[in-house]
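Working notes, beginning with the structure itself.
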Amino acid sequence: MDIAVDILTTIVAQVQKPTLAFLLGGMILAAAGSKLDVPEPVYKFVVMLLLLKVGIGAGISVRDADLMSLLVPALAAAALGIAIVALGTVTLARMRGVARMDGLATAGLFGAVSASTLAAGMAMLDAEGIAYEGFIAALYPFMDLAALITAIVLARLGAARRIAATASAGGTATLTLGSGTGGTGTGGSGVIGGILTDTLRSPAISALLLGLGLGFFARPDSVYDSFYEPLFRGLLSILMLIMGMEAWARLSEMRKVAHVYLVYGLTAPLIHGALGFAAGLAIHHVTGFSAGGVVLLAVMAASSSDISGPPTLRAAIPEANPSAYVGTSTGLGTPVAILSIPLWMALAEALIGL
Amino acid sequence: MDIAVDILTTIVAQVQKPTLAFLLGGMILAAAGSKLDVPEPVYKFVVMLLLLKVGIGAGISVRDADLMSLLVPALAAAALGIAIVALGTVTLARMRGVARMDGLATAGLFGAVSASTLAAGMAMLDAEGIAYEGFIAALYPFMDLAALITAIVLARLGAARRIAATASAGGTATLTLGSGTGGTGTGGSGVIGGILTDTLRSPAISALLLGLGLGFFARPDSVYDSFYEPLFRGLLSILMLIMGMEAWARLSEMRKVAHVYLVYGLTAPLIHGALGFAAGLAIHHVTGFSAGGVVLLAVMAASSSDISGPPTLRAAIPEANPSAYVGTSTGLGTPVAILSIPLWMALAEALIGL
Amino acid sequence: MDIAVDILTTIVAQVQKPTLAFLLGGMILAAAGSKLDVPEPVYKFVVMLLLLKVGIGAGISVRDADLMSLLVPALAAAALGIAIVALGTVTLARMRGVARMDGLATAGLFGAVSASTLAAGMAMLDAEGIAYEGFIAALYPFMDLAALITAIVLARLGAARRIAATASAGGTATLTLGSGTGGTGTGGSGVIGGILTDTLRSPAISALLLGLGLGFFARPDSVYDSFYEPLFRGLLSILMLIMGMEAWARLSEMRKVAHVYLVYGLTAPLIHGALGFAAGLAIHHVTGFSAGGVVLLAVMAASSSDISGPPTLRAAIPEANPSAYVGTSTGLGTPVAILSIPLWMALAEALIGL
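Residue numbers (this note's numbering), protein chains in the order written: chain A, 62 to 415; chain B, 62 to 415; chain C, 62 to 415.
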């Protein structure tokens, strides 16, 4: 009972904090029909600066971290990415009114990670003075890639099976699995290689990896302390504003797709976050993973990809309907994930102590 | 005599200060044919950040202000907006060579407020360490809306009267007053509702109201202190540079319209500013309104809308010629209003003491 | 021997510093096929802010400098610009496989100055706490204009001579030297006036001169200290990232032109930098020019114009092939010049002491 009250109090207080307040402000503006908009080039630049900041910070931390303390959470992150997609495959993708490809793509996005949501989680922990492992952002690509690869491989396998069925019936179709991603690999590994390359080259993952590399190999500490770190919270407030407006705009697209997406978009972030929290809690008890780290693992699992994932999926699963998976992720998944951050913080405070 | 010397000294010193120096620098660059330009998306973003900053600051102040001390200046601001448009209607709009619709639209813009000019005034008071009520920016929408609504209603009434005259003569025209803004309201109130909605949804007013809301309902103080406030003066210097270049570019458009616009654009900011100053002085004596507040009320009255006003007018008074009202406002009204800020500061120092 | 080891150690350490690390990071990203890109409007704005900062800083310094201490380096800068183009004319432009116009345009770019490279040099000296004359940036236009004017005049004279030869043979061609740049001047001076005007109006030189003017005539110190100066190193890191990506992208264009451009692009920055260093060293011994100033004169001489120069050349020498001169400058000259900055720092430490 006390825990429930604590959780509620934390949530109410968090909504007044800049991160959530700007998100809600953006949603209210969009709902009121405001013509305010943040120009696309500025949006891309803000995201790039945030990802560079998160990456550089993680790179500097990884430099000093011992490999083992990084390895266990990294494996957990990858396992979570796969588990979330598998869960979506046996629930959402089997629902009536949901095309299998649409369901797989949506599950893939919900397994992948939103850098903005992760950054929002970090900012909220920073504001409370709650410590977390500096290398956390280095876990991002593990979960992100595991989820996207799982979803795309499942989609391709399904397509191949269907083509094979048609082929054995009609006899003329050829297996196109893996084509267009390199041509040299044998089926499955060619597909995975293609997805890996596409994802690593995507602007979001590129910026994050560049930051990681700069933080790890170079000495960018001076420019990090004088520029990237001080601008972080302000730029995040802008990004939250944009995401709030975007979320509202995407909601209208949801009207065209099955209602089950609405249920999935509202509940999946909470279920996935709880999975991530449980995994983090287990690592906490085994390796002394910090309470802040547990919260951020939950935030990553709860989040769904809004920037880097959609273009990858559009290229890899062209049969899927973007207004289903992008609408569900950006319109519902992301705001729910961001708004649920205080929940994981309150849970961590109750179960671990911060 | 001493007052005149004081005023002149203040003005000369202010021209060297960043705000005015960047404005003049922009005008000189444009006059010299420089190809330097600030890209449109950056310009929109700079304006948005400035308005968010001004709004958040005002929202935080309104939170702590008692309603009465805000109410009197707010009513004065609205009255000034109406008075300035009324003055323009009986002077500019009746001049030979001035189409009535063009005159009304120009008077509307000069009654409305320029957020950039207001921000410049605030920065100049800050630089001198002169205090003013934090809620000042909350007065902006009162003056802005009152002026735009007055101008547009006068224009629509004029159009309706003309149509009615035609109708009684010919018998076929139908009254279209208020159509396109909702369809449910009866004439006048439908028009006003439409203008209100359009203006509140405009990017400038949206950003300002969002800031006000965030400052009032949320706790954005940390991000305000670490991001919006420190960047304010630097971003304003960029905005002044853009406005200087824009002012020079618009001057050439003025050549196509009647010379009376030139006289209006050069003198109206000073007359309106004096009206605002007088109103502020009266409030100062009654309620103890600060000297800085008096200066900023004069600055608001002197300013003419350059960002939010023109699109509203273009939609609401399509018969008016934009190169008349935009040219007069952006090319003459805004630079004169900004350059006259030191005048109100010197006047306040002489009459009230800072 | 010790000097060589010192130089090598300095270079290795510098590559880890933010400026060079971001440049290399950009090149690696581009080589890996990353889709990260910095939107054009943001790029233009970042460059503008950097140039304003460099200009304002120089303007403030020139205000306090005595004219003589500025005059000698300024004349040396102009002489270096002319010497570098003359050197390119008798080497590159006479090579087999190099069209004379292409060679002249390339030499012009290598004689002109890159503001980004200069800014990188300043940031690296600042990071080491090495002092230099504040007015250094005021030397930029002297070298830049001298080089561009020399290259373009040589190109026009060559064209005129060829036309004259054709004319005396055939008898119908007319001398078009200087046409299109004003029409009033007699031949040569009309050309020079046109180039001067075009160059001074270019965005880069405009921003630099605006900054110089603001620093010299106005009192922008407050906004300089609170905005332009603190953002300098962070924005430079973004610019280096862009330039690294751009350099890699341009390298592929080089494949289409003669191999001699490859040799020129890789070696000319080092030879020109050595010329600049020698000139700086001479001024150091005569007038007490600082060691940091010597380094920056070498950096300016080593650098090749990547932003302001190409459009001027495209307009003035339309016969030259941009993929030759832009590719050689942006793809090879600029990264080599930036990567060689530590070399001049190490040389200055060995020969002058810092």
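Cβ atoms here follow ideal geometry from the backbone N, Cα and C, with glycine treated the same way.
These numbers come from a predicted model, not from an experiment.
Check, Outcome
"With 16 other Cβ atoms within 10 Å as the buried cut-off, status of HIS333 (chain C)", "buried"
"As assigned by DSSP and simplified to three states, the class of LYS317 (chain A)", "coil"
"Buried versus exposed call for HIS345 (chain C) [16 or more other C-beta atoms within 10 Å across all chains shown]", "buried"
"Three-pair Cβ contact test at 8 Å for the segment 361-375 of chain A versus the segment 392-408 of chain A", "yes"
"Cβ-based neighbour list, LEU111 (chain A), same chain, cut-off 6 Å, excluding 5 preceding and 5 following", "ALA180, LEU296"
"Beta-carbon gap between THR211 (chain C) and ILE256 (chain C) smaller than 7 Å", "no"
"Partner residues on chain C for GLY305 (chain B), Cβ-Cβ distance less than 9 Å", "Within chain C, no residue comes near GLY305 (chain B); the closest Cβ sits about 10 Å away, beyond 9 Å."
"Minimum Cβ-Cβ distance from LEU66 (chain B) to chain A less than 7 Å", "Looking at the sequence provided, one finds Val at residue 66 (chain B) rather than Leu. No, no contact with chain A."
"Rounded C-alpha distance that separates ARG217 (chain B) from GLY87 (chain C)", "58 Å"
"Contact with chain C by ARG262 (chain A), beta-carbon distance below 7 Å", "yes"
"Simplified DSSP assignment, three categories, for MET156 (chain C)", "coil"
"Host alpha helix (DSSP H) of ASP163 (chain B) (start-end)", "161-172"
"Min CB distance ARG280 (chain B) to chain A below 7 Å", "yes"
"Under the three-state DSSP convention, the category ASP127 (chain B) falls into", "coil"
"Near the ligand ZN: GLY392 (chain B) beta-carbon under 6 Å from a heavy atom", "Ligands in the displayed structure: none, and consequently the ligand ZN is not present."
"Within chain A, partners of SER177 (chain C) - CB distance below 7 Å", "By Cβ distance, chain A contributes nothing, its closest Cβ being about 15 Å from SER177 (chain C), past 7 Å."
"Closest Cα partner of LEU331 (chain B) within the set B:LEU408, B:PHE288, B:ALA160, B:LEU271", "B:LEU408"
"Cutoff 7 Å: GLN75 (chain B) Cβ touching any chain C Cβ", "no"
"Proximal residues to LEU209 (chain A) (C-beta, below 7 Å), its chain only, five neighbours per side dropped", "GLY169, ALA173, ILE256, THR260, GLY370, THR373"
"Within-7 Å CB hit, ALA82 (chain A) to chain B", "yes"
"Whole-number beta carbon distance between ILE402 (chain B) and ALA355 (chain B), since they are thought to touch under 8 Å", "It is worth fixing the name first, because residue 355 (chain B) is Val in this sequence and not Ala. Going by Cβ atoms, the distance from VAL355 (chain B) to ILE402 (chain B) rounds to 13 Å, so no, they are not a contact pair."
"ALA279 (chain B) versus TRP309 (chain A) - alpha carbon distance", "20 Å"
"Span separating the alpha-carbon of THR227 (chain A) from that of LEU165 (chain A)", "21 Å"
"TYR285 (chain A) versus ALA119 (chain C) - alpha carbon distance", "26 Å"
"Whole-angstrom C-beta distance between THR152 (chain C) and THR389 (chain C), which should lie under 8 Å", "That belief does not hold up - the Cβ atoms of THR389 (chain C) and THR152 (chain C) are roughly 13 Å apart, past 8 Å."
"C-alpha gap between GLY349 (chain B) and LEU206 (chain B), whole angstroms", "26 Å"
"Alpha carbon of THR233 (chain A) to alpha carbon of GLY219 (chain A), nearest angstrom", "Note that THR233 (chain A) has pLDDT 43, beneath the 50 cutoff, so the model's placement of it is unreliable and the number below is only indicative. Looking at the two C-alpha atoms, the distance is approximately 18 Å."
"Under 7 Å from the C-beta of ALA268 (chain A): neighbouring residues of chain C", "LEU97"
"Endpoints, the alpha helix (DSSP H) within which SER384 (chain A) is located", "383-387"
"Contact check, PHE106 (chain B) vs MET301 (chain B), beta carbons under 7 Å", "no"
"Inter-residue spacing [alpha-carbon to alpha-carbon] between GLN77 (chain A) and PRO281 (chain B)", "8 Å"
"As assigned by DSSP and simplified to three states, the class of TYR104 (chain A)", "helix"
"Buried versus exposed call for GLU194 (chain B) [16 or more other C-beta atoms within 10 Å across all chains shown]", "buried"
"ARG294 (chain A): contacting residues in chain B (beta-carbon distance under 9 Å)", "SER283, VAL284, SER287, PHE288"
"Rounded C-alpha distance that separates LEU415 (chain B) from PHE203 (chain B)", "26 Å"
"Chain-ordered neighbours of ASP94 (chain A) on chain B, where CB pairs are closer than 7 Å", "According to the sequence as given, residue 94 (chain A) is Gly; it is not Asp. Neighbours of GLY94 (chain A) on chain B, chain order: ARG262."
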